[in-house]
Amino acid sequence: MFDIDFYMKVNDIRKKIYDGECFEKKYLLEKFEKLRNKKPIVYNIETTNACNMKCKMCPRTTMMTRKVTTMDKDTFVKIVDQIEPFSEHEWKKWENFVESEYGIKKGDMSENHFFTYIIPKVLQLHGYGDPLLDKNMPEYVRILSERNIPSYFSCNPANIDLEKTVQIFENGLDYIKYSIESVDDKKHKDIRGKASNFSDSYNKILHLLNLKEKKGYKTTIIITMLNLNRVDQKEDYDLLQKKFADRDVYIYLKSEDQQWYRQDYHGTCSIHWSEFCKHPWMSMTIKSNGEAAMCMEDFNNEIILGDVRKNSLYEIWNGDTYKIFREDHFNLTRGIKCTEQCDMKLIGHFLPVNG
325 MFDIDFYMKV NDIRKKIYDG ECFEKKYLLE KFEKLRNKKP IVYNIETTNA CNMKCKMCPR
385 TTMMTRKVTT MDKDTFVKIV DQIEPFSEHE WKKWENFVES EYGIKKGDMS ENHFFTYIIP
445 KVLQLHGYGD PLLDKNMPEY VRILSERNIP SYFSCNPANI DLEKTVQIFE NGLDYIKYSI
505 ESVDDKKHKD IRGKASNFSD SYNKILHLLN LKEKKGYKTT IIITMLNLNR VDQKEDYDLL
565 QKKFADRDVY IYLKSEDQQW YRQDYHGTCS IHWSEFCKHP WMSMTIKSNG EAAMCMEDFN
625 NEIILGDVRK NSLYEIWNGD TYKIFREDHF NLTRGIKCTE QCDMKLIGHF LPVNG
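Given below as structure tokens:
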């Protein structure tokens, strides 16, 4: 989830900035502070950062040094007890905004439809780990369903446990994303590591699709392939689409999220990665050890803004540490992940040199 109200309220400023209009730092700082919701909205809960894959494109494989931890149930419940879903009125207003401003319709299926119609309303249950490795995941989905909070997570299909997944579906999971990089097992292992595969994963997904149709599960099954700028990228994606032709899946080719460390930076088709970062004012991320981080891209928990085991989300969101962090985005503070290890532009990049 993220604050759709803040996103809509700063849209005029966003358009003026991209049209070349300049704003003073003091004005925008005060404006953003006035527009942001004082009640925090949680983007994602990383319930575990455990993962058995060795994905070439993931910073976790080569750069993550933090300890592997899994969140305890009491901490998870404490967090979700402080979260509320959007009302039907709020959501309808957002859908109208998305169609009007971006031309994306409710019934579309694409990378940007996923970002605008699914991501804002769901609580994501993943970060730098695979949720399928968290034994509590079926229970967490049930807890969210009871609170009418839409749930979603992305995972590696090689880790599918059919019995556990059926339980997750029965408990009301709204969306699940399976990441597939090739219909060829060798290619898949080259990209995501020896623990990955396509053939076995594909058969399990087909089994789940048949069960979904038979049992009437509401879970939307999403299939994605990352655009890694491979020479055979289009060919592999076309083959993947054919494998799921006439199946009840939401399928799309996804831009690579972070490319700052790659030698072949190849850009993005994503609205999210093309606009300036709004996360300090519209969402909070909770990591597997209970720390509140600047966003889910902080793979080593370098910018910690609080601890949900010690303070409420409200206290963290409105505290001095968050205030300084928001100013860092304006000041382009050196030495922090946001300015040196992220593809997204910060608001400070659009300010006059003298501020």
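Under this note's numbering, the first residue of the sequence shown carries the number 325, and numbering increases by one thereafter. All C-beta atoms, glycine included, are put in the ideal place defined by N, C-alpha and C.
query	result
Nearest CA to the CA of P462: which residue from D454, F493, Y452 and A482?	F493
Find out if the Cβ-Cβ distance for the pair T371, F330 is shorter than 9 Å.	no
For I560, collect the residues of the same chain with a Cβ closer than 6 Å to its Cβ; drop the 5 residues on either side in sequence, then sort them by chain order.	It should be pointed out that residue 560 corresponds to Asp in this sequence rather than to Ile. Correct list, in chain order: S506.
Please name the residue in K363, L359 and P474 whose C-alpha comes closest to that of W641.	K363
Per DSSP, which residues does T394 bridge with? Please list them.	T372
For a quick check, are the C-beta atoms of I484 and I529 less than 9 Å apart?	yes
Taking all protein chains shown into account, do 16 or more other C-beta atoms lie within 10 angstroms of the C-beta of T645, making it buried, or fewer, making it exposed?	exposed
Where do the ends of the alpha helix (DSSP H) carrying C662 lie?	K661 to E664
Short check: CB of E348 to CB of P676, under 9 Å?	yes
Please report the straight-line C-alpha distance between K634 and P455, rounded to a whole angstrom.	24 Å
Any chance you could list the alpha helix (DSSP H) runs of at least 4 consecutive residues sitting entirely within the stretch 585-633, in chain order?	595-598 and 603-606
Given this structure, state the Cα-to-Cα distance separating K416 from E425, to the nearest angstrom.	14 Å
What first and last residue would you give for the beta strand (DSSP E) that runs through L530?	Per DSSP, L530 belongs to no beta strand (DSSP E); it is in the alpha helix (DSSP H), S523 to K539.
Could you tell me how far apart the beta carbons of N436 and I595 are, in whole angstroms, since I believe they sit closer than 8 Å?	5 Å
Would you check if there are 3 or more beta carbon pairs closer than 8 Å linking the stretch 560-580 to the stretch 500-517?	yes
Output the distance between the C-alpha atoms of G711 and M377, rounded to the nearest integer angstrom.	Residue 711 is absent from the structure shown; the chain starts at 325 and stops at 679.
Is it right to say N625 is buried, meaning 16 or more other beta carbons lie within 10 angstroms of its own, or is it exposed?	buried
Roughly how many whole angstroms lie between the Cα atoms of Y452 and D336?	34 Å
With a 10 Å radius around its C-beta and 16 neighbouring C-beta atoms as the bar for buried, classify T386 as buried or exposed.	exposed
Suppose the cutoff is 8 Å on Cβ atoms and the five residues either side in sequence are ignored; what does the same chain contact list for Y638 look like?	K362, K363, P364 and Q406
Count the other C-beta atoms from every protein chain shown that fall within 10 angstroms of the C-beta of A617, then say buried if there are 16 or more, exposed otherwise.	buried
Would G672 be called buried (16 or more neighbouring beta carbons within 10 Å of its own) or exposed?	buried
From what residue to what residue does the alpha helix (DSSP H) around F421 run?	E412 to Y426
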